[in-house]
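Trainee: Below are the structure tokens for one structure; questions will follow.
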Amino acid sequence: MKRGLLLLVAGMLFLTSYAQEKVISGKVTSAEDGSVLPGVNVLVKGTTNGTVTDENGSYTLSVGANATLVFTFIGYTSQEIEIGARSSVDIQMAADAKQLSEVVVVGYGTQIKQDLTGNIASVSGKEIQNQPVPSFDQAMQGRAAGVFIESGNGKLGQGIKVRVRGAASVSASNEPLYVVDGIIVTTDNLSSTDAPTNPLANINSNDIESIQILKDAAAAAIYGSRAANGVVIVTTKRGKSGKTSFNVNYMKGFSSPTRKAKWLDGPQYYQAFKEAFDNTDAILQRDEGTDFGDYMYGEPGLTFDQVLSYELGDWNKDANENWANDAYQKDAGIDQFDFSASGGNEKTKFYTSLQFSDQKGILINDRFKKLSARANLDHKASDKISFGLNFSLSRSVNNRLADDNEFTTPMQLLALPPIQPAYLEDGTLNTNTVYFNGLIKAKHSSFETTTWRNISNIYAVWQITPELSFRSEAGVDLLNQNENVWNGREVDSQTGNVKGGGYSTYDNVLNYSTNNYFSLNKVIGKHSIEATAGMSFQKYERNSNTLTAQTLPSSAFRTLVSASVITDGASSFTDYAFLSYFARANYKFNNRYLLSLSGRVDGSSKFGKDERYGFFPAASAGWIISQERFMEDIKGTLSFLKLRVSTGLTGNAPTQNFAALGLYAANTYDIDPGIAPSQPANNNLKWETTLQTDIGIDFGLFNDRITGEVDYYTKHTTDVLLNSNVPGTSGFLTRFINIGEIENKGFEFVINTQNIVGTFSWSSSLNFARNRNKILNLNGNVIEGGYINRAVEGQPIGVFYGVEYAGVNPDNGDALFYVNDPANPNRNTTSNYNEAFRTVLGNPNPKFIGGFSNTLSYKGFDLNFLFQFVYGNDVYNGAGRFQRANFTYFDNQLVSDWKNSWRQPGDKTDVPQARLFLDNGDQESSRFLQDASYIRLKTLSLGYNFPSTITSRLSMQSLRLYVAAQNLLTITGYDLNDPEVNTDYLAGNIGQGNDFYAAPQIKTVSFGVNIGF
Amino acid sequence: MKKNNILLTLSCIVLIVAGCSQELDIKPKDSVTEDQALDSPEAIQSLLVGAYDRMADDDVYGGWIQMTSDLLGTNFDITWNGTFSDPGDIWSKAMTSNNGQAEVTWTETYEAINVTNIVLANLDVVTDEDEKSRIEGEAKFIRGTMYFELVRLFAKDWADGDPAVNLGVPLKLTPTDLNYNPAVNFISRATVAEVYDQVFEDLNTAEELLANLDGNGFYATVWAAKAVLARVYMQQRDYDNARIKANEVIESGQFSLVDRIDRAFNQANNSVEDIFAIQVTNQDGENALQTFYAATAYNGRRDIRIRPEYEALFEEDDQRLQYLIYYDVSGRRLSGKYKDQFANISIIRLAEMYLLRAEANLLAGGTQVGPNTPGDDLQLIRARAKASDAPANPTLDDILLERKRELGFEGQFIHDIRRTETTIEQLGTYAWNDDVLVLPIPQREVDANPSLKGQQNPGYGN
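Sequence lines, in order, name chains A and B. Position 785 (the first sequence) corresponds to 784 in numbering that gives the first Met the number 0; numbering is contiguous. Position 332 (the second sequence) corresponds to 331 in numbering that gives the first Met the number 0; numbering is contiguous.
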């Protein structure tokens, strides 16, 4: 196999005829007013050989004899010019709305969008810059069709869920592959807690020139065994020749929670629980002939106040603590400073940047600070050799919080009774509350995650002939993460420490890779061929150390060097490697018939020894119908029309590095070393295979003032990686096997319009996508996750499965449940929870998603806004058992539930009678499941660019003032906090759509100034 | 020239490829493959230690086997006030086949059993005959004890109907091949009698093989094997054999009662009274009993609280009241047996053997086994607690009440309810053999193992 590919590569070389090199120069001007256009990209078609026009609009480039030059400039119609015998080519570029001519970065190369036969969504760097979110993936939300992005809560720097055309895996990752400047980067969650962190947060969004999301097989298959979830290609900014331009940006933002639920205040709480106590007492007197105190405690005659004292600790009828609000910090917001310089000459170009940002989250102690620097350098040593480097270094410090399921996380404060004050009269924190007072933790602990990241690569391009080039690149992604946790002795009851303690983890991830490939570009008459072939190797190594210790001299000593008892320490190492060969050929005939073939052979240490190499081919074809003669007549209306079809295989490799091996691991007992088997073997373990077929139409109307794309796709995944259940009697719980089939089907629709052009301009872009996920076969396995999520045959992944709530019996206030006996289907109800059978209740996957963005400009003003929407998904409130539990226990409850409780026979309501200590509808059921559709004004920004008359007087190139808002408005029927939610400690492929004391999303209004000089 | 350059490039690629393809053969460093894991006598000893570690898991003897028994068998002794619903359902007799606690107790216990099966299948690696028989004895002690716990939690009591017909638990006695074969792992439930037979076979072998061993640290000894056997006979109502085994342990002279009752608990090392205990240190092990019984001040969750009726069982001066029942800052009544999170967990202590001998002597009648009358044995326990003197001729109720006082919250409640055929009246009325007092076969097992079809315990569906 290997040898065959090399022969193929060699064969391609001999196809090439060696042409003469020459230097071509020229000038680019605007067709409208004849002014020179600096910064126009000039590229020899099908190569990476190119330049940018200087301040006089001039360019010089050495090219082959039959080269075609491609001129591209944002806002102008791209042009392709065959040089022929000329040595000078001057062109005029027309300002145009055309969006089909942009250059799109694809795997191991670039392509003109018009010639694409695959489906690629593009997000420009401009769209995501200066957003008050730590990571660029979060900033992409709503901007790319078919890409579902969800941030599980409003904590900073946490894991973000990204699903490109649905989820295709049960036990492996469903996240896309991320490639930054050609290098596959580390996206592993290195968090020491169950809540994931997001390593992408260390990448400066403002350094990003463009993001391409490869969605179908034609686009993604060249990334082989890791492309099934889509590939996100990030390209950073590069210098352009010309005057050095400096840019300074400062932004200050103010943050608050998007939405807050209403909880009982002190007087309401006392009254509500007194009612619940009386109700239970009456029921016990009636049914058991005994009173509350006797039945519950063996102490007859207990009053409600006595029960409160017994259960709550320090409480006070007059206290009126707003615990829910105590979770938020008052000075939430962001400060961000950016500096960049770029420029260069014909031979050497550079882009450098520096960013400092300091974001304080809405929750107490939540903070994310980042310092990042970048230098991108390109140098042309000769007509044949060019090389360059991308260097980036960043450091982030994330002050993190406890997971959503811990008493100490700020959002769990809302569970505390308002009749318990947070502070005692002497100003000290109340330590005797029914649940731990999380403010104690906020004051006496710290959790700091410091990440250093260096993503850098060097490349060299050898232009062997004008038509053939060889590119070699080597990259390193070095990620060092240090987590330091300190807990004071005040938090001992929550940490299990004796007199304080903490832990420290250190992770070092070295991820290095090299790509080496040939690119060929050949035009023979009406035939044009672009081809790429090469190899890639990637190695990943992770070294980890952890130390846990306790018993500190006092709260002044917070590092573990001062701890007297070391309770745990470990070092560990894991690694994997991928060796790959890839090739792609694009053929175009007569500018209208497109054909593309690509393939990758991926070998990985992660696969079983009997399945070491996999092959991932794809084929696609396009027909630019608008180029046909018979379309001439309607070209004024239908300016562009292309039909494209693609099909191919992509894979998804296991997340675990050694899932294929049968292993023994250490199991210490006391101080003696022990071992025990840790996992069974599977020599046949391999990747999941997704067969994806896409059929799409690209169109342009009215000289491309309206452009759009419509796609329909099916993704059929087989050999699904599954942690398949085995009988526990074997001593194992699961074994990792390839079994099962999952299907994703859907359509995507994108329409871009130039509504108004001229001095006042308005353009819009709407994207809309629907994906339907279905598990076709899991060999009978049922894999559970979340609270009541499961992966089961015949249903979408993560469906909610449980007892169906049937409301309240109006006669007695009992909660009712549908029996749903599968053997006897009817709508009978029961008040006995254990008589009810579980059934499918809902779906956490949205029915459709999308975004609607608008850009308006008038003179110096510009206004941008994006509405983002998610429709038809359900969210289960795992905390419903506590916070909407009809006063079963002392957690604070929603005001609306109290108001709507059943009180007397005949009451028609959905909220059962309040009964202290008695189950009445507090059990897990669809009562806590609700639709979480929403539409959100995701971003809104208004800017003013001062005219050059003013800026020149200030010796500036440009001056811009802006105000921007994030999550300003959310429209939803969801009745808790924010509908965009997935509790951090359970988030996964199956654990989806769960709320559990999750922080609402962050609303930020920021003000900024941007100066160029 | 050009051709040479291309060839040079190509040969570079070939070199890279050749170098890289070997990089795909990566062996883990944090775990090892089976051939490396089991190749020496030391490795088999380490595997045996691994079996103890699995047995010490918090869902096994690290606490949940005991708490499951006590939550299920409380009869005005304790209440569950925690937020976890699985233990809450055990306590309120509302378990379903999806009870998560029952599930992990099942799976973790079988994990320990599998490790003992691997030890027993690889004994030939151990060349030293003494070592070999010690390792075999200990492995069989663990396996026999684990099967005994499983059969008395997940199956009908020995005396509830016909044990030769009633379903026990699946008997897995061979190691699971790492090259997993699904079919051989579909094992159906053996009968209660078959499981008891296996328990006897393992424990009798352990007793025999460990007999000549002089001390074994905190690991299993012949005395531990005899003490567990005494429990097994007791559960079978075989009082004669039960008293013989208990007597052998008592009269061995290896153990003695601690001077003050609280010194039998919260100990970093085994007390002189411990016949077998789970080791917990500040570096290894989990004491789940402490987690759920202890007050917040001791880093516990104080989810299990003592009822006033239990407190009322004691005389005022009884040190078991004074030292082992305390109130937290809000007046919650808690057990003082589990305050220190790093303390060992007593599984069997000498006091139980005295009470067991007393009860068995009383019930078996005939010739008394051992030097003490039931009254003498009872008096030893009461005197140590500084309680009033025991009656010279105690009734069965006297002894059972003393068991409750002495051994409360140590995992005896449901087994005592069943073997003494007592009706539970807390939170409803439940006969000793009520279906709800038997744990469900975990639904995940029924789903993953077709051989369990139709073998669910009564009252939990299919």
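Don't be surprised by glycine CBs; every beta carbon is placed ideally from N, CA and C.
Among A:653, A:637, A:661, A:948, which has the Cα closest to the Cα of residue 704 of chain A?
Mentor: By 1-based counting over the first sequence, the position of residue 704 of chain A is 705. Of the candidates A:653, A:637, A:661, A:948, the one whose C-alpha sits nearest the C-alpha of residue 704 of chain A is A:637.
Trainee: Please report the distance separating the alpha-carbon of residue 4 of chain A from that of residue 711 of chain A.
Mentor: As a working mapping, residue 4 of chain A is identified with position 5 in the first sequence. As a working mapping, residue 711 of chain A is identified with position 712 in the first sequence. The predicted model places residue 4 of chain A with a pLDDT of 44, which falls under 50 and marks its position as unreliable; any figure quoted below should be read in that light. Approximately 33 Å between the Cα atoms of the pair.
Trainee: Let's see if you can read the secondary structure: which residues bound the alpha helix (DSSP H) around residue 656 of chain A?
Mentor: Here residue 656 of chain A refers to the residue found at position 657 of the first sequence. For residue 656 of chain A, there is no enclosing alpha helix (DSSP H), as DSSP marks it with neither H nor E.
Trainee: Among B:303, B:287, B:406, which residue has its Cα nearest to the Cα of residue 352 of chain B?
Mentor: Residue mapping note: residue 352 of chain B aligns to position 353 of the second sequence, counting from 1. Answer by Cα proximity: B:406.
Trainee: Within the 8 Å Cβ cut-off, does residue 1009 of chain A reach chain B?
Mentor: As a working mapping, residue 1009 of chain A is identified with position 1010 in the first sequence. With 8 Å as the cut-off, residue 1009 of chain A does not count as an interface residue toward chain B.
Trainee: By alpha-carbon positions, which one of A:51, A:225, A:293 ends up nearest to residue 239 of chain A?
Mentor: Position 240 of the first sequence, counted from the first residue, corresponds to residue 239 of chain A. Closest option to residue 239 of chain A, Cα to Cα, is A:51.
Trainee: Given a threshold of 16 other Cβ atoms within 10 Å of its Cβ, counted over all protein chains shown, does residue 755 of chain A qualify as buried or as exposed?
Mentor: Within the first sequence, numbered from 1, the residue matching residue 755 of chain A stands at position 756. By the 10 Å Cβ count, residue 755 of chain A comes out exposed.
Trainee: Using a C-beta cutoff of 8 Å, does residue 280 of chain B count as contacting chain A?
Mentor: Mapped onto the second sequence, residue 280 of chain B falls at position 281. Yes, contact with chain A.
Trainee: Once DSSP output is grouped into helix, strand and coil, what is the label at residue 210 of chain A?
Mentor: For the purposes of this step, residue 210 of chain A is taken as the residue at position 211 of the first sequence. Residue 210 of chain A carries a strand assignment under DSSP once its states are collapsed to helix, strand and coil.
Trainee: When the Cα of residue 778 of chain A is compared with those of A:364, A:253, A:169, which residue comes out closest?
Mentor: Here residue 778 of chain A refers to the residue found at position 779 of the first sequence. For the residues A:364, A:253, A:169, the minimum Cα distance to residue 778 of chain A belongs to A:169.
Trainee: Taking Cβ to Cβ, would you say residue 1028 of chain A is nearer than 8 Å to residue 109 of chain B?
Mentor: This structure cannot settle anything about residue 1028 of chain A, because the visible part of chain A is limited to 0 through 1012.
Trainee: Could you spell out the range, first to last residue, of the beta strand (DSSP E) harbouring residue 865 of chain A?
Mentor: Within the first sequence, the letter at position 866 stands for residue 865 of chain A. For residue 865 of chain A, the enclosing beta strand (DSSP E) has its first and last residue at 860 to 870.
Trainee: Beta carbons nearer than 7 Å to chain B: which residues of the segment 569 to 591 of chain A have them?
Mentor: Here the close residues are 571, 572, 573, 574, 575, 576, 578.
Trainee: Counting contacts by CB-CB distance shorter than 8 Å, is residue 23 of chain B in contact with chain A?
Mentor: As a position in the second sequence, residue 23 of chain B is number 24, starting the count at 1. Chain A, which has a Cβ nearer than 8 Å to the Cβ of residue 23 of chain B, makes this yes.
Trainee: Using DSSP bridges, identify the partner residues of residue 279 of chain A.
Mentor: Against the first sequence, residue 279 of chain A aligns to sequence position 280. Beta-bridge partners of residue 279 of chain A (DSSP): none assigned.
Trainee: Does the beta-carbon of residue 166 of chain B, which I'm using as the reference point, lie nearer than 7 Å to any heavy atom of the ligand GTP?
Mentor: Absent from the structure shown: the ligand GTP. Ligands present: none.
Trainee: Against residue 184 of chain B, what residues of chain A qualify as contacts under a CB-to-CB distance less than 8 Å, listed in chain order?
Mentor: As a first step, residue 184 of chain B is located in the second sequence; it is residue number 185 there, counting from the start. Neighbours of residue 184 of chain B on chain A, chain order: 725, 726, 728, 729.
Trainee: In the structure shown, what three-state DSSP assignment does residue 424 of chain B receive?
Mentor: The count along the second sequence starts at 1 and reaches residue 424 of chain B at position 425. Here residue 424 of chain B sits in coil by DSSP.
Trainee: Write down the C-beta distance between residue 95 of chain B and residue 833 of chain A rounded to the nearest angstrom, noting that I regard them as a contact closer than 8 Å.
Mentor: Against the second sequence, residue 95 of chain B aligns to sequence position 96. Against the first sequence, residue 833 of chain A aligns to sequence position 834. About 6 Å separates the two Cβ atoms, so the contact holds.
Trainee: Going along chain A in order, which residues have a C-beta closer than 9 Å to the C-beta of residue 134 of chain B?
Mentor: For the purposes of this step, residue 134 of chain B is taken as residue 135 along the second sequence, with counting starting at 1. What residue 134 of chain B touches in chain A: nothing, since even the nearest Cβ is about 13 Å away.
Trainee: What did DSSP end up calling residue 418 of chain A once you bin it into helix, strand or coil?
Mentor: Reading the first sequence from its first residue, position 419 is the one you call residue 418 of chain A. In this structure, residue 418 of chain A counts as coil in the three-state DSSP scheme.
Trainee: What residues in its chain sit with their C-beta under 7 Å from that of residue 984 of chain A, if we drop five residues either side in the sequence?
Mentor: Position 985 of the first sequence, counted from the first residue, corresponds to residue 984 of chain A. For residue 984 of chain A, where only same-chain residues beyond five positions count, the Cβ hits under 7 Å are 193, 194, 402, 403, 404.
Trainee: With 16 as the cutoff for other CB atoms within 10 Å, does residue 560 of chain A come out buried or exposed?
Mentor: Indexing the first sequence from 1 puts residue 560 of chain A at position 561. By the neighbour-count rule (16 or more Cβ atoms within 10 Å), residue 560 of chain A is not buried but exposed.
Trainee: Taking the alpha helix (DSSP H) that residue 936 of chain A falls in, what are its first and last residues?
Mentor: Here residue 936 of chain A corresponds to residue number 937 of the first sequence, with the count starting at 1. Per DSSP, residue 936 of chain A lies in no alpha helix (DSSP H) segment; the continuous beta strand (DSSP E) that holds it begins and ends at 933 to 944.
Trainee: When DSSP builds the beta bridges, which residues end up paired with residue 584 of chain A?
Mentor: The residue given as residue 584 of chain A occupies position 585 in the first sequence. DSSP lists A:530, A:596 as partners of residue 584 of chain A.
Trainee: Using alpha carbons as the reference points, say which of A:434, A:625, A:533, A:36 lies closest to residue 54 of chain A.
Mentor: Reading the first sequence from its first residue, position 55 is the one you call residue 54 of chain A. It is A:36.
Trainee: So, is residue 0 of chain A buried or exposed, given that buried needs 16 or more other C-beta atoms within 10 angstroms?
Mentor: Along the first sequence, read from residue 1 onward, the residue named residue 0 of chain A stands at position 1. Reliability of the predicted coordinates at residue 0 of chain A is poor, the pLDDT of 42 falling under 50, and the value obtained from them is presented with this limitation in mind. That one is exposed.
Trainee: Can you give the Cα-Cα distance for residue 430 of chain B and residue 420 of chain B, rounded to whole angstroms?
Mentor: As a working note, residue 430 of chain B is residue 431 in the second sequence. As a working note, residue 420 of chain B is residue 421 in the second sequence. If you draw a straight line from the Cα of residue 430 of chain B to the Cα of residue 420 of chain B, it comes to about 8 Å.
Trainee: Roughly how many whole angstroms lie between the Cα atoms of residue 248 of chain A and residue 451 of chain A?
Mentor: Here residue 248 of chain A refers to the residue found at position 249 when the first sequence is read from its first residue. Here residue 451 of chain A refers to the residue found at position 452 when the first sequence is read from its first residue. Between residue 248 of chain A and residue 451 of chain A, the C-alpha separation is close to 24 Å.
Trainee: Which class does residue 295 of chain A belong to by DSSP, given the choice of helix, strand or coil?
Mentor: What you label residue 295 of chain A is simply residue 296 of the first sequence in a count that begins at 1. Helix.
Trainee: Pull out every residue of the segment 790 to 805 of chain A whose Cβ sits closer than 8 Å to any Cβ of chain B, in chain order.
Mentor: none
Trainee: Going by other Cβ atoms of all chains shown within 10 Å of its Cβ, with 16 needed for buried, is residue 968 of chain A buried or exposed?
Mentor: Against the first sequence, residue 968 of chain A aligns to sequence position 969. Residue 968 of chain A comes out exposed.
Trainee: Which residue marks the beginning of the beta strand (DSSP E) containing residue 394 of chain A, and which one marks its end?
Mentor: One-based indexing of the first sequence puts residue 394 of chain A at position 395. It spans 384 to 398 - the beta strand (DSSP E) in which residue 394 of chain A sits, taken as one unbroken run.
Trainee: Which value, in whole angstroms, describes the spacing of the CA atoms of residue 101 of chain B and residue 66 of chain B?
Mentor: Position 102 of the second sequence, counted from the start, is the residue given in the question as residue 101 of chain B. Position 67 of the second sequence, counted from the start, is the residue given in the question as residue 66 of chain B. Roughly 11 Å between the two C-alpha positions.
Trainee: Under the three-state reduction of DSSP, which class applies to residue 443 of chain A: helix, strand or coil?
Mentor: Position 444 of the first sequence, counted from the first residue, corresponds to residue 443 of chain A. Coil.
Trainee: Output the distance between the C-alpha atoms of residue 662 of chain A and residue 98 of chain B, rounded to the nearest integer angstrom.
Mentor: Residue mapping note: residue 662 of chain A aligns to position 663 of the first sequence, counting from 1. Residue mapping note: residue 98 of chain B aligns to position 99 of the second sequence, counting from 1. Roughly 30 Å between the two C-alpha positions.
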